[in-house]
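89 is the number of the first residue of the sequence shown in the numbering used here; add one for each residue after it. Glycine is no exception: its CB is placed at the ideal position from the N, C-alpha and C atoms. To start, the structure itself, in structure tokens.
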Amino acid sequence: MNLPQNLKVRRPTYADAQAITDLMRAHDLAMAGYADTTLSDVLDQWKELDLQHNAWAMVDEQDRIIGYEELYTSTHGRFTIDGFVHPDWIGLGIGTYLVQLAEARANELIGTISAEYEVFISTGHYTQDDNAYAMLQDLGYKVTRYFYRMSIDLDTLPPLVDWPEGYRVCAFDPNKDGPMMYELHMTSFAEHYGFARRPYETWALNHLQSAIFRPDLWLYVAYGDEPVGFALNYLREDGIGWISTLGVLKEHRKRSIGLGILQHSFRLLYEAGARRVQLGVDADNSSGAVRLYENAGMTATTRFTIQEKVIRDGIRQSIS
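Here you go:
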């Protein structure tokens with residue numbers, strides 16, 4: 089496929105981080121009517137991205153970035169791609185060109201995954217983005233899942249949680265609790281769609297070294313001396329509270345522990361200055377997370393469609 093005239097592709101660098109953030113925000117504003125991607129979001133994501141080999145910037149003749157694609161690798165047979173085209177440049181084939189670059193790179197890396205396993209590419213887009221939907225369908229992708237972004241506005245300080253007997257909420261100590269929170273995360277999410285266990289070092293880089301990490305916003309719940317649930321909360325640069333991850337061990341579910349963690353997270357984030365709190369959730373979550381969040385007063389404000397394309401047949405590894 090040929091590039092539109094006067095456009096070229098180059099590798100992005102850290103000097104492009106703000107321009108790429110601006111591109112993402114322009115895309116989000118056009119698709120959803122609001123934009124909340126921040127520079128910190130982009131820089132945090134790039135900690136796990138090989139910019140020199142797995143990212144592409146489409147630029148015009150003034151070297152302005154008008155398209156961007158990134159590819160995240162794994163050893164579990166699942167490649168994840170994410171792409172953005174400036175709304176002024178939609179309909180010129182830029183998105184298709186960038187996706188095909190990412191697919192070609194995924195095929196180069198296919199040999200790093202054991203031959204018996206299926207390999208597939210996963211990507212997401214706003215459900216209302218008809219152009220992205222049609223482009224991916226034309227390239228052989230199929231819809232597999234939907235995700236929600238859910239939100240709640242907090243007018244007053246949420247009350248203290250009345251925990252079930254034997255349970256207590258605990259503050260996170262960054263000097264010693266990192267490995268414990270990691271194990272809670274890995275264990276409680278083991279059955280979730282798209283989840284793959286990562287090394288502790290990768291997890292710590294992504295969470296503990298985030299530009300917006302605040303240990304006072306993290307929490308866990310213990311039953312006696314056993315940690316059984318947790319939340320990783322952040323106050324974003326735009327003042328929105330973000331519940332990045334919330335989980336409860338399987339044997340302690342259906343006891344209102346998840347609801348308590350959610351409500352206590354609301355309280356911590358309100359005290360930190362947030363008046364709106366958001367999170368992301370699999371619409372088909374088997375543990376009833378959507379219903380739990382709705383019961384706490386949250387509503388789905390944005391819907392995302394997940395599409396996948398198999399590039400090598402085989403046994404799908406247990407990451408879903």
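Just how far apart, CA to CA, sit residue 255 and residue 309? 7 Å
Consult DSSP for residue 398 and reduce its assignment to one of helix, strand or coil. strand
According to DSSP, residue 342 sits in a beta bridge with which residue or residues? Paired residues: none, contrary to the question.
Indicate the three-state DSSP secondary structure (helix, strand or coil) for residue 176 in the structure shown. Judged by DSSP in its simplified three-state form, residue 176 adopts helix.
Would you list the one or two residues that DSSP bridges to residue 108? According to DSSP, which records beta bridges pairwise, residue 108 is partnered with nothing at all.
Is it true that the segment 284-292 meets the segment 336-352, where meeting means three or more beta-carbon pairs spaced less than 8 Å apart? no
Determine, using beta carbons only, whether residue 226 comes closer than 8 Å to chain B. In summary, chain B is missing from the structure at hand, where a single protein chain is found.
Using only CA atoms, which one of 356, 334, 269 lies nearest to residue 376? 334
Could you please give the first and the last residue of the uninterrupted alpha helix (DSSP H) stretch that includes residue 190? 182-197
I need the DSSP call for residue 267, collapsed to helix, strand or coil. helix
Roughly how many angstroms separate the alpha carbons of residue 287 and residue 268, rounded to a whole number? 13 Å
What residues in its chain sit with their C-beta under 6 Å from that of residue 405, if we drop five residues either side in the sequence? 164, 165, 205
Over the uninterrupted alpha helix (DSSP H) stretch that includes residue 333, give me the two end residues. Careful: residue 333 lies outside any alpha helix (DSSP H), inside the beta strand (DSSP E) at 329-336.
Which residues DSSP lists as bridging residue 145, in chain order: Under DSSP, the beta-bridge partners assigned to residue 145 are 98, 156.
Mapping DSSP to helix, strand and coil, what is residue 349? helix
Report the rounded CA-to-CA distance for residue 191 versus residue 201, giving the unit in angstroms. 15 Å
Using the beta-carbon count (16 or more within 10 Å), is residue 231 buried or exposed? exposed
Can you tell me which of the three DSSP states residue 403 falls into? strand
How long is the line joining the alpha carbons of residue 235 and residue 382, rounded to whole angstroms? 14 Å
Using DSSP with H/G/I as helix, E/B as strand and the rest coil, what is residue 408? Confidence in residue 408 is poor, its pLDDT being 39 and thus under 50, which makes the residue's placement unreliable; the coordinate value appears in the next sentence. Here residue 408 sits in coil by DSSP.
Simplified DSSP state of residue 90, which is helix, strand or coil: coil
On the DSSP letters alone, give me the boundaries of the beta strand (DSSP E) that residue 314 sits inside. 314-323
Residue span of the alpha helix (DSSP H) that contains residue 126, given as start and end: Where residue 126 is concerned, there is no enclosing alpha helix (DSSP H), given that its DSSP letter is neither H nor E.
Can the beta-carbon of residue 112 be found closer than 8 Å to that of residue 214? no
In whole angstroms, what separates the C-alpha of residue 225 from that of residue 207? 18 Å
For residue 96, which residues in the same chain have their Cβ closer than 7 Å to its Cβ, ignoring the five residues on either side in sequence? 147
Terminal residues of the continuous alpha helix (DSSP H) containing residue 380? 377-383
What residue range does the alpha helix (DSSP H) around residue 223 cover? 218-226
Which residue's Cα is closest to the Cα of residue 98: 128, 280, 144, 392? 144
Within 10 angstroms of the Cβ of residue 124, are there 16 or more other Cβ atoms? Answer buried if so, exposed if not. That one is buried.
Among 316, 241, 344, 177, whose alpha-carbon lies nearest the alpha-carbon of residue 250? 344
List, from N- to C-terminal side, the alpha helix (DSSP H) runs of 4 residues or more that fit wholly inside the segment 249-305. 266-276, 288-295
Taking the Cβ atom as the reference point for each residue, do residue 233 and residue 116 lie within a distance shorter than 8 Å? no
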